[in-house]
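In my numbering, the protein residues as written are 10 to 186.
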């Protein structure tokens, strides 16, 4: 840090604190190293959780926009620090959440309902073959799953639930370069 002193102007002495180039550079490096992830469907390989027109889908990645729309920062859960929230890479402060059971991308509304709807608790993949499943924080027993390639929040009824549901609700985390 440097302190820069200026002569009094209109009777005021001014001192500015200017961060050194090394500190600014380190800050930029940390921002550049922020980890992003994407989630691949276990039963539809090469299809990833993504947002398109503010709605959640699983789709293949074919373009740069697809890459951005399928990249998320894992943050501590907005309503429960033991869970997570998924912040969009290309729309900062927008999170995946459920509304009327549909998974959507929405700006942080900074209210309790939003925080609850945007918080998911990672669980061992429901298909019992690895991966991760996302249980709703405010609708226990409801998981993110895909139906017809759209993302929904659906109730998991347990042991009797179909293999299809278990696979539809299980994803593999992939790091994003």
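Glycine included, C-beta positions come from ideal geometry on N, C-alpha and C.
Computed from a predicted model, the values in this text were never measured in an experiment.
- Residue pairing by DSSP puts residue 133 in a beta bridge opposite 141.
- DSSP places residue 68 inside the beta strand (DSSP E), whose first and last residues are 64 to 68.
- In this structure, the CA atom of residue 87 is about 14 Å from the CA atom of residue 97.
- Excluding residues up to 5 positions away in sequence, 113, 115, 123, 126, 127 lie with their Cβ nearer than 7 Å to the Cβ of residue 106 in the same chain.
- Counting along the chain, no beta strand (DSSP E) covers residue 118, and no H or E run does either.
- Pairing residue 165 with residue 174 gives a Cβ-Cβ distance under 8 Å.
- Within the same chain, and ignoring the five residues on either side of residue 176 in sequence, the residues whose Cβ sits closer than 6 Å to its Cβ are 51, 52, 136.
- Taking 8 Å as the cut-off, the beta carbon of residue 103 is found no closer than this to the beta carbon of residue 79.
- Between residue 158 and residue 49, the CB-CB gap reaches or exceeds 8 Å.
- Within the same chain, Cβ atoms closer than 7 Å to the Cβ of residue 95 are found at 81, 83, 104, 105, the five residues on either side in sequence being excluded.
- For residue 160, the uninterrupted beta strand (DSSP E) segment begins and ends at 159 to 164.
- It is roughly 23 Å from the alpha-carbon of residue 139 to the alpha-carbon of residue 65.
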